[in-house]
Structure formats: C-alpha cells, structure tokens
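J.: Just passing along the structure, written as structure tokens.
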Amino acid sequence: MAKAIRQVTIRGRVQGVGYRAWVEHTATALGLEGWVRNRRDGSVEAVFAGPADIVEQMVERCRRGPTSARVEAVYAHEAGADMLALRAVGQTFSMLPTL
C-alpha cells in the first residue's frame, strides 16, 4: 500500500472549539503520523502521513471537523517527508505551538 504525506490547511471557525485536539485524537486513532498547530491567521494546519487511503479519509474528516467547528475550506496538497521533522522528538503525532 502506498504511503502518502499531505499538508492540510483548514479555515473557518476552527480555533477555540477543540479542532486541534480533535485532529490529534482522530489522526492518532487512525494510526497516522504527523502534527497539527494553530496559525495566527485563525486557521489550523496539519500534516498527515500513512497509507494513502487513510490519509485521504482523514482529509475528508477535516472537512466536517468536530460538531462545534464551522469549516469553511480545506486545502490539501502533497508534502515531503521533511515536514514530519517538525514533530516533537519521540512522538508519532504532535500538537505544535501556534505559528
């Protein structure tokens, strides 16, 4: 099975509603690697790595988000393995500080 790495930006009412924690919990439950962080512009950014079908499933779940969020747009594109280096050492999936 092919491995995919996708960088995703989610816009809308996604900060302050538990979106970042929801992403971490959902991605970890699906067995994905990567990270998630809030951005100062109000969006949430994440990188997901794993089997291509599971990564695409996660991107699709980001379009809905938790019930308290109001997602307006999700932008996803392929990313390189170097993006995974931003994770905390020893962690499979990390919540990073706001950028």
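Start counting the sequence shown at 5; every next residue gets the next number (our numbering).
Glycine included, C-beta positions come from ideal geometry on N, C-alpha and C.
Note that this is a predicted model, so its numbers are computed, not measured.
Reducing DSSP to helix, strand and coil, say where T32 ends up.
T.: Numbered from 1 along the sequence shown, position 28 holds the residue referred to as residue 32. Looking at T32 - three-state DSSP - the assignment turns out to be helix.
J.: Would you give the residue range spanned by the beta strand (DSSP E) that R65 belongs to?
T.: By 1-based counting over the sequence shown, the position of residue 65 is 61. Taken as a continuous stretch (DSSP letters only), R65 belongs to no beta strand (DSSP E), being part of the alpha helix (DSSP H) at 56 to 68.
J.: Are I9 and M87 touching if we call contact CB-CB under 9 Å?
T.: For this step, residue 9 is matched to residue 5 along the sequence shown. For this step, residue 87 is matched to residue 83 along the sequence shown. Yes, the pair counts as a contact, with Cβ atoms nearer than the cut-off.
J.: Where does R15 fall in DSSP's three states?
T.: Numbered from 1 along the sequence shown, position 11 holds the residue referred to as residue 15. Of the three classes helix, strand and coil, the one that applies to R15 here is strand, per DSSP.
J.: Take G70 and list the residues in its own chain whose beta-carbon comes closer than 7 Å to its own, dropping the five residues that flank it on each side.
T.: On the sequence shown, position 66 is the one that residue 70 refers to. Note on residue identity: the sequence assigns Pro, not Gly, to residue 70. So the list reads V21, G22, Y23, W26, once near-sequence residues are dropped.
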